[in-house]
Amino acid sequence: MAKKQITFQSSRDVRLYLASLLVRVEKDEIDRKKAEILSNIAYKIQTSISGELKERELAQAEELARQIEMGRK
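Sequential numbering of the sequence shown, starting at 78, is according to the working numbering.
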C-alpha cells in the first residue's frame, strides 16, 4: 500500500488532520498509539507554522516602523 503524503499549509490544515485522526481511531481504522504519534508530530508542525507566521508579522511590523521613521526625517 502506497503511503499518502500529507501537506500542511496552515494551522487550520493541522486541526482538520487531528480531527480526522480522532474519527479514524473511533472507527478502528487506526490504532490509538499510532494516532498519538501522528498527533504529536502534527502539533509540532502546527507550532512551527505559528512561529513562522509570527516571524513574518514581526518582520512586516519592523519594516513598517522603519518606513514611518524614514518618512519623519
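Ideal Cβ positions, reconstructed from N, Cα and C, are used throughout, including at glycine. For clarity, every value in this text was computed on a predicted model and none was experimentally measured.
Exposed unless 16 or more other CB atoms sit within 10 angstroms - verdict on L141: exposed
Would you mind reading off the limits of the alpha helix (DSSP H) that contains S87? Taken as a continuous stretch (DSSP letters only), S87 belongs to no alpha helix (DSSP H), as it is neither H nor E.
Indicate whether the contact test is met: 3 or more Cβ pairs, each with one atom in the stretch 80 to 88 and one in the stretch 101 to 108, closer than 8 Å. no
Just to check my reading of the structure: I126 and S87 have Cβ atoms closer than 8 Å, yes? What is that Cβ distance to the nearest angstrom? 7 Å
How big is the Cα-Cα spacing for D90 and L135? 23 Å
8 Å Cβ shell around A112 - same chain, five flanking residues per side excluded: L98, L99, R101 and V102
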